[in-house]
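Protein chains in written order, with this note's numbering: chain A, -12 to 51; chain B, 0 to 131.
1) Which residues of the stretch 10 to 28 of chain A have a Cβ closer than 7 Å to any Cβ of chain B? Give them in chain order.
2) What do you get for residue 30 of chain A, buried or exposed, if any count of 16 or more other CB atoms within 10 angstroms of its CB means buried?
3) Please list, in chain order, all residues of the same chain as residue 34 of chain A whose beta carbon is under 6 Å from its beta carbon, the five residues on each side excluded.
4) Could you have a look at residue 48 of chain A and say whether DSSP puts it in helix, strand or coil?
5) Could you tell me the boundaries of the alpha helix (DSSP H) in which residue 16 of chain A lies?
6) Over the uninterrupted alpha helix (DSSP H) stretch that includes residue 108 of chain B, give me the two end residues.
7) What are the complete alpha helix (DSSP H) segments, minimum 4 residues, inside the stretch 25 to 100 of chain B?
8) Run down chain B in chain order and give the residues with a C-beta less than 7 Å from the C-beta of residue 31 of chain A.
9) Starting from residue 5 of chain A, follow the alpha helix (DSSP H) in both directions and report where the run begins and ends.
10) Counting only beta-carbon atoms, is residue 13 of chain B nearer than 8 Å to chain A?
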């Protein structure tokens, strides 16, 4: 699934480690989400959306 | 990357408990392998022979606790590693058992657990590699 996590993270000036710490996941998880190798669970997707103050649909593209 | 892989879900308490279990396991293995035949009572001999099983149960419970506190991707990696290990290990052990039954090879059942573990560790590496 395509997503804008990397774009949103870089816009905030955060490293993958910074984002991982805020989401309480590993840096590996953040990297796997950004590269599309892993789709987050619904609770994690909601935490990501809340952190970036966007809707899930604005961050994740299910058609991708 | 590998430090994150090996240390995920661990703590000082985890490593302390692992060290204790490893010590108990090695002591129990020495007892079971070298001294079991000196025990006369069949019940006591069985207890000595099975002594290593208790620390192994401890290992499994410790790993279960560790995986429970890791994040969702790590839990998926562990699940995929288990599936890879089972997919390879079960047919392999079945094949070895059948060959043993047919008299083609002689296989000791004692090797089943180490074989599965030997497959599980590289299976974890493969599963982890998929999400690098």
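Ideal Cβ positions, reconstructed from N, Cα and C, are used throughout, including at glycine.
Considering the structure as presented:
1) 12, 13, 14, 15, 16, 19, 24, 25, 28
2) Within the first chain, numbered from 1, the residue matching residue 30 of chain A stands at position 43. Residue 30 of chain A is exposed by the Cβ-count criterion.
3) By one-based count along the first chain, residue 34 of chain A stands at place 47. 10.
4) Counted from its first residue, the first chain places residue 48 of chain A at position 61. Residue state, collapsed to three classes: strand.
5) Residue 16 of chain A sits at position 29 when you count from the first residue of the first chain. Segment 14 to 21, the alpha helix (DSSP H) holding residue 16 of chain A.
6) In the second chain, counting from the first residue as 1, residue 108 of chain B sits at position 109. Counting along the chain, residue 108 of chain B falls outside any alpha helix (DSSP H), and DSSP gives it neither H nor E.
7) Along the length of the stretch 25 to 100 of chain B, whole alpha helix (DSSP H) runs at least 4 residues long occupy 41 to 49, 52 to 67, 71 to 100, reported in chain order.
8) As a first step, residue 31 of chain A must be located in the first chain, where it is residue number 44. Those are 71, listed as they occur along chain B.
9) Against the first chain, residue 5 of chain A aligns to sequence position 18. Residues 3 to 10.
10) Taking the first residue of the second chain as position 1, residue 13 of chain B is located at position 14. With 8 Å as the cut-off, residue 13 of chain B does not count as an interface residue toward chain A.
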